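A quick write-up on the structure given underneath.
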Amino acid sequence: MKEIITTLNKTPIGSNCLICNIDSSLPIKGRLNELGFSNGSVIDKLQVGSFGSPIACRVCGAVIAIRSEDADKIFVKDHYRKI
Amino acid sequence: MKDFEKTYNIALAGNPNVGKSTVFNSFTGLHQHTGNWPGKTVENTQGEYVFNNARYIVQDLPGTYSLNPNSAEEEVTCEYIKSGNYDALIIILDASCIERNIRFAVQILNFVKRKVIICVNLIDEAEKKGIEVDCEKMSELLGVPVVAAAARSGIGLKELKCEVERTVYTENKTNDVPNKINDKKFSREIYEKCCRFADNNTDGFDRKIDKYLISKKFGIPFMLLILAGIFWITIVGANYPSDLLSSFFEFLGDKLKVALFEIHCPELIISALVDGIYTTLTWIVAVMLPPMAIFFPLFTLLEDSGYLPRIAFNLDSCFRKANAHGKQALTIAMGFGCNACGVTGCRIIDSPRERLIATLTNSLVPCNGRFPMLIAVISMFFIGTYSGITASAAEAMILLLLIVFSVIVTLAVSYFLSKTFLKGIPSSFVLEMPPYRKPQIGKVIVRSIFDRTLFVLLRAVVIAAPAGLLIWILANVNIGDTSVLACCTDFLDPLGKIIGLDGAILMAFILGFPANEIVLPIILMIYLSNGTLTAIPDLVQFHEILIQNGWTITTAICTLVFALFHFPCSTTCLTIYKETKSKKWTALSFLLPFIIGIVMCLVINVCSHIINILL
Numbered sequence: 005m006k007e008i009i010t011t012l013n014k015t016p017i018g019s020n021c022l023i024c025n026i027d028s029s030l031p032i033k034g035r036l037n038e039l040g041f042s043n044g045s046v047i048d049k050l051q052v053g054s055f056g057s058p059i060a061c062r063v064c065g066a067v068i069a070i071r072s073e074d075a076d077k078i079f080v081k082d083h084y085r086k087i
Numbered sequence: 016m017k018d019f020e021k022t023y024n025i026a027l028a029g030n031p032n033v034g035k036s037t038v039f040n041s042f043t044g045l046h047q048h049t050g051n052w053p054g055k056t057v058e059n060t061q062g063e064y065v066f067n068n069a070r071y072i073v074q075d076l077p078g079t080y081s082l083n084p085n086s087a088e089e090e091v092t093c094e095y096i097k098s099g100n101y102d103a104l105i106i107i108l109d110a111s112c113i114e115r116n117i118r119f120a121v122q123i124l125n126f127v128k129r130k131v132i133i134c135v136n137l138i139d140e141a142e143k144k145g146i147e148v149d150c151e152k153m154s155e156l157l158g159v160p161v162v163a164a165a166a167r168s169g170i171g172l173k174e175l176k177c178e179v180e181r182t183v184y185t186e187n188k189t190n191d192v193p194n195k196i197n198d199k200k201f202s203r204e205i206y207e208k209c210c211r212f213a214d215n216n217t218d219g220f221d222r223k224i225d226k227y228l229i230s231k232k233f234g235i236p237f238m239l240l241i242l243a244g245i246f247w248i249t250i251v252g253a254n255y256p257s258d259l260l261s262s263f264f265e266f267l268g269d270k271l272k273v274a275l276f277e278i279h280c281p282e283l284i285i286s287a288l289v290d291g292i293y294t295t296l297t298w299i300v301a302v303m304l305p306p307m308a309i310f311f312p313l314f315t316l317l318e319d320s321g322y323l324p325r326i327a328f329n330l331d332s333c334f335r336k337a338n339a340h341g342k343q344a345l346t347i348a349m350g351f352g353c354n355a356c357g358v359t360g361c362r363i364i365d366s367p368r369e370r371l372i373a374t375l376t377n378s379l380v381p382c383n384g385r386f387p388m389l390i391a392v393i394s395m396f397f398i399g400t401y402s403g404i405t406a407s408a409a410e411a412m413i414l415l416l417l418i419v420f421s422v423i424v425t426l427a428v429s430y431f432l433s434k435t436f437l438k439g440i441p442s443s444f445v446l447e448m449p450p451y452r453k454p455q456i457g458k459v460i461v462r463s464i465f466d467r468t469l470f471v472l473l474r475a476v477v478i479a480a481p482a483g484l485l486i487w488i489l490a491n492v493n494i495g496d497t498s499v500l501a502c503c504t505d506f507l508d509p510l511g512k513i514i515g516l517d518g519a520i521l522m523a524f525i526l527g528f529p530a531n532e533i534v535l536p537i538i539l540m541i542y543l544s545n546g547t548l549t550a551i552p553d554l555v556q557f558h559e560i561l562i563q564n565g566w567t568i569t570t571a572i573c574t575l576v577f578a579l580f581h582f583p584c585s586t587t588c589l590t591i592y593k594e595t596k597s598k599k600w601t602a603l604s605f606l607l608p609f610i611i612g613i614v615m616c617l618v619i620n621v622c623s624h625i626i627n628i629l630l
């Protein structure tokens with residue numbers, strides 16, 4: 005399967021992806037890192053709120069909600085399957 | 016107090032919402048409020064317990080995700096953890112989210128290399144999700160004691176206390192964790208060696224509920240439905256104890272009067288005691304207390320279940336458009352319980368600008384003390400003599416509309432503030448959504464009814480009794496022909512009339528500054544001070560009294576609006592001053608809702624006059 009790099013905001017709901025880069029201009033990068041959003045983490049995009057934001061993702065066993073504009077700065081490899 | 020051999024200081028640290036306060040409560044026997052959402056504890060709390068003849072002072076620290084602080088409050092907590100100024104530090108980990116929690120523990124171990132005990136909490140919940148944590152192995156790898164616990168059901172707490180004792184008695188304890196190791200790699204290693212998973216999908220149940228409660232289409236409708244349900248239960252449930260209490264107090268009041276008469280008490284004092292203090296007090300207990308004592312536990316149950324962060328999730332888009340923070344929804348929700356608590360709770364918002372917006376707008380939503388007033392006015396003027404399920408459902412719907420309206424105004428004011436006094440770009444919103452938990456129904460109901468009842472009764476005695484006496488004195492001391500009270504209300508009357516109220520209502524709101532619960536009883540007392548009725552009236556009689564004093568539908572609407580938007584109570588003002596440390600912001604938070612209320616009432620009054628003329 006060809007690997008597609010997209011952002012967490014654009015990847016479809018329900019996808020299981022691998023974070024490959026987080027834009028360093030994201031002010032909350034540090035906080036996200038503490039919560040498990042780091043290069044190489046596996047995350048599931050679970051649900052999206054009423055107006056396309058926020059986005060609920062499962063990472064490190066916890067569900068974290070972030071806004072769509074922040075999710076747009078998180079680059080992921082879509083349809084990543086854990087071996 | 017008994018002298019103990021020694022006193023030790025211990026502290027509880029951990030990620031938000033791992034159960035620090037639950038452990039704290041069961042250690043110290045205190046009743047620190049707990050809730051299933053990250054950020055419930057925002058203040059350092061201290062308590063103590065005695066174990067094997069030694070005294071332990073426990074610090075319940077606010078939760079933090081790492082030792083790199085993101086806000087001033089977190090900095091205090093992080094500094095405290097790093098300082099090592101304690102005899103033992105208990106790091107509490109959430110077993111159901113163990114990977115991230117281990118990383119936090121490893122991070123602390125790099126700074127504080129002694130006196131650390133790890134407590135793996137919520138093992139019961141993790142077990143249900145198919146997660147198994149090998150505590151012995153973890154202890155071996157980390158070089159510190161590790162205790163498994165399920166604090167809510169009290170499992171493992173005795174062992175934890177023993178471990179604390181062992182730690183504080185061992186001097187100069189050092190760990191064999193090497194300094195400057197790669198946190199991430201090391202925690203990964205521990206995670207892989209100590210934890211086992213039954214299957215990958217460990218939170219299926221939560222996701223199923225979330226499919227509805229935070230769904231794109233049904234999230235907000237479900238939220239409104241849940242709120243309406245809570246209001247409905249409050250309204251229906253409050254009727255019965257209200258009636259019972261009223262007739263009981265009426266009976267007691269008569270007996271009291273007779274008894275005072277028997278002991279030849281001067282009539283003036285009988286009147287002051289019974290008509291002044293006793294009526295106000297009992298009115299508050301009979302009419303104001305039941306809705307509060309029902310609404311509060313219901314809300315606590317909701318909080319305990321883990322639904323509050325979902326409200327923040329559903330409403331974040333609205334707050335984003337208002338340039339505010341999604342967590343403001345959480346502070347609003349806390350404001351429904353008590354505005355002062357809501358203001359303190361604003362500390363969960365990291366960005367100072369958005370925190371200030373949340374602080375200033377918090378009193379725009381009605382607190383628990385204002386709900387009974389809203390309910391009473393709605394039922395008198397909009398429901399009338401109808402009864403049964405339809406009537407109470409309609410009442411709940413009207414109340415819901417008012418609440419939605421107050422939230423919309425909050426959003427509008429937040430937007431206004433962010434464009435004028437508090438300019439800035441919205442910061443980001445990151446919120447952890449905790450797993451749903453079955454609330455501890457029995458415990459919550461007993462605790463919150465007990466706490467609430469005592470609290471309200473105490474406030475009633477401290478504030479309402481003097482207020483009742485003051486009104487009685489004002490009503491019975493004359494300047495010339497009119498009483499002082501009549502002078503005051505006459506003075507306020509023109510202003511009141513302009514905004515659709517009257518002098519008595521304005522006077523009641525001013526006297527109700529220390530506690531909003533007493534506004535309605537004071538209105539009643541002011542009207543009664545000119546009349547002859549002495550028994551405690553029920554709502555039907557009360558309605559008649561109001562009508563006799565010139566209340567119309569417009570007055571009722573204006574009173575409702577003014578009850579939503581007027582100056583915050585004294586406790587809230589003090590809390591705002593404590594939180595902002597600025598007279599300017601406190602003054603603004605006082606004036607803002609007041610001006611909004613006056614303008615809205617004015618508009619409503621003018622509109623109603625125009626409609627009257629046209630018809």
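In order, the protein sequence lines correspond to chains A and B. The first sequence lines up with residues 5 to 87 when you count with my numbering. The second sequence lines up with residues 16 to 630 when you count with my numbering. Virtual Cβ for every residue (Gly too), placed ideally from N, Cα, C. A quick note: this is a predicted structure, and the numbers were derived from the prediction, not measured.
**Asked** The beta strand (DSSP E) with Asn24(B) in it runs from where to where?
**Response** Thr22 to Gly29
**Message:** Please classify Cys622(B) as buried or exposed, where buried requires at least 16 neighbouring CB atoms within 10 angstroms.
**Reply:** exposed
**Request:** Flag Ala69(A) as yes when its Cβ comes closer than 7 angstroms to any non-hydrogen atom of the ligand SAH, and as no otherwise.
**Result:** In the structure on display, the ligand SAH does not appear, and there are no ligands present to speak of.
**Item:** 6 angstroms Cβ shell around Leu548(B) - same chain, five flanking residues per side excluded
**Value:** Here the model assigns Leu548(B) a pLDDT of 47, short of 50, so the residue's position is not dependable, and the following value carries that caveat. Result list for Leu548(B): empty, nothing under 6 angstroms.
**Asked** Are the C-beta of Ala75(A) and some C-beta of chain B separated by less than 8 angstroms?
**Response** no
**Item:** Beta carbon proximity, Cys64(A) to chain D, threshold 8 angstroms
**Value:** In summary, chain D is missing from the structure at hand, where the protein chains are A and B.
**Request:** Using DSSP bridges, identify the partner residues of Glu369(B).
**Result:** Glu369(B) pairs with nothing; no bridge assigned.
**Prompt:** Do you know how far the Cα of Gly357(B) is from the Cα of Cys333(B)?
**Reply:** 19 angstroms
**Prompt:** Between which two residues does the beta strand (DSSP E) harbouring Gly62(B) extend?
**Reply:** Thr60 to Phe66
**Request:** Thinking Thr297(B) and Gly268(B) are a contact (beta carbons under 8 angstroms), I'd like their distance in whole angstroms, please.
**Result:** 7 angstroms
**Met238(B) at chain A interface by Cβ criterion, 8 angstroms** = no
**Item:** Under 8 angstroms between C-beta atoms of Tyr71(B) and Ile123(B)
**Value:** no
**Item:** chain A contacts from the region 126-144 of chain B (Cβ-Cβ distance under 9 angstroms)
**Value:** Against chain A - using a Cβ distance shorter than 9 angstroms - the residues of the region 126-144 of chain B are Lys144.
**Request:** Assign Ala110(B) to buried or exposed, taking buried as 16 or more other Cβ atoms, counted over all protein chains shown, within 10 Å of its Cβ.
**Result:** buried
**Request:** Check the Cβ-Cβ distances between Leu242(B) and every residue of chain A, and say whether any is below 8 angstroms.
**Result:** Nearest CB-CB separation between Leu242(B) and chain A: not below the 8 angstroms threshold.
**Message:** Against Phe55(A), what residues of chain B qualify as contacts under a CB-to-CB distance less than 7 angstroms, listed in chain order?
**Reply:** Ser332
**Request:** Report yes or no: is there a C-beta of chain B within less than 8 angstroms of the C-beta of Leu50(A)?
**Result:** It does: the Cβ of Leu50(A) has a partner Cβ on chain B nearer than 8 angstroms.
**Message:** Quick check: the region 72-79 of chain B against the region 32-49 of chain B, are at least 3 beta-carbon pairs closer than 8 angstroms?
**Reply:** Inter-segment contact for the region 32-49 of chain B and the region 72-79 of chain B is present: three or more beta-carbon pairs are separated by less than 8 angstroms.
**Asked** Looking at the C-beta of Cys112(B), does it have a partner C-beta in chain A at a distance below 8 angstroms?
**Response** yes
**Asked** Does the Cβ of Ile87(A) have 16 or more other Cβ atoms within 10 Å, making it buried, or fewer, making it exposed?
**Response** Low per-residue confidence applies at Ile87(A): pLDDT is 37, beneath 50, and the placement is therefore not dependable enough to give any value.
**Asked** Applying a beta-carbon distance threshold of less than 8 angstroms, which residues of chain B neighbour Gly16(A)?
**Response** Per the sequence shown, the amino acid found at residue 16(A) is Pro instead of Gly. Those within 8 angstroms of Pro16(A) in chain B number zero; the least Cβ separation is about 14 angstroms.
**Asked** Three or more C-beta pairs closer than 8 angstroms, one from the region 165-178 of chain B and one from the region 50-63 of chain B: is that the case here?
**Response** no
**Prompt:** Is it the case that the Cβ atoms of Leu39(A) and Ile68(A) are separated by a distance below 8 angstroms?
**Reply:** Yes, the Cβ-Cβ distance between Leu39(A) and Ile68(A) is below 8 angstroms.
**Prompt:** Whose Cβ in chain B lies nearer than 7 angstroms to the Cβ of Ile4(A)?
**Reply:** Outside the shown range of chain A, which is 5 to 87, sits residue 4(A), and nothing can be said about it.
**Request:** Measure the CB-CB distance between Cys353(B) and Cys382(B) and report whether it falls below 8 angstroms.
**Result:** yes
**Asked** Would you say Lys35(B) faces chain A, with C-beta separation under 8 angstroms as the test?
**Response** Chain A contact via Cβ: absent.
**Asked** Closest to Tyr184(B) by CA distance: which of Ser433(B), Glu140(B), Ile486(B) and Glu20(B) is it?
**Response** It is Glu20(B) whose Cα lies nearest to the Cα of Tyr184(B).
**Request:** Measuring only between beta-carbons, confirm whether Leu12(A) sits less than 8 angstroms from chain B.
**Result:** Not an interface residue.
**DSSP bridge partner residues for Thr10(A) (one or two, in chain order)** = Under DSSP, Thr10(A) shares a beta bridge with Val80(A).
**Integer-rounded CB distance, given that Ile113(B) should sit under 8 angstroms from Tyr206(B)** = 7 angstroms
**Prompt:** For Thr182(B), which of helix, strand or coil comes out of DSSP?
**Reply:** helix
**Message:** Does the CB of Val46(A) have a neighbour CB from chain B at under 8 angstroms?
**Reply:** no
**Prompt:** Could you give the distance in angstroms between the alpha-carbon of Ile440(B) and the alpha-carbon of Ile146(B)?
**Reply:** 41 angstroms
**Request:** Please go through the same chain and pick out, in chain order, the residues whose beta-carbon is closer than 8 angstroms to the beta-carbon of Asp191(B), but skip the five residues on each side of it.
**Result:** For Asp191(B), the predicted structure reports a pLDDT of 49, less than 50, and the residue's modelled location is therefore unreliable. A value from the coordinates is still provided. Contacts found: Gly158.
**Request:** Could you check what DSSP says for Leu108(B) in three-state terms: helix, strand or coil?
**Result:** strand
**Item:** Cutoff 7 angstroms; reference Asp505(B); Cβ partners in own chain excluding five residues on either side
**Value:** If we look at Asp505(B) and ignore the five residues flanking it on each side, its Cβ neighbours are Gly518.
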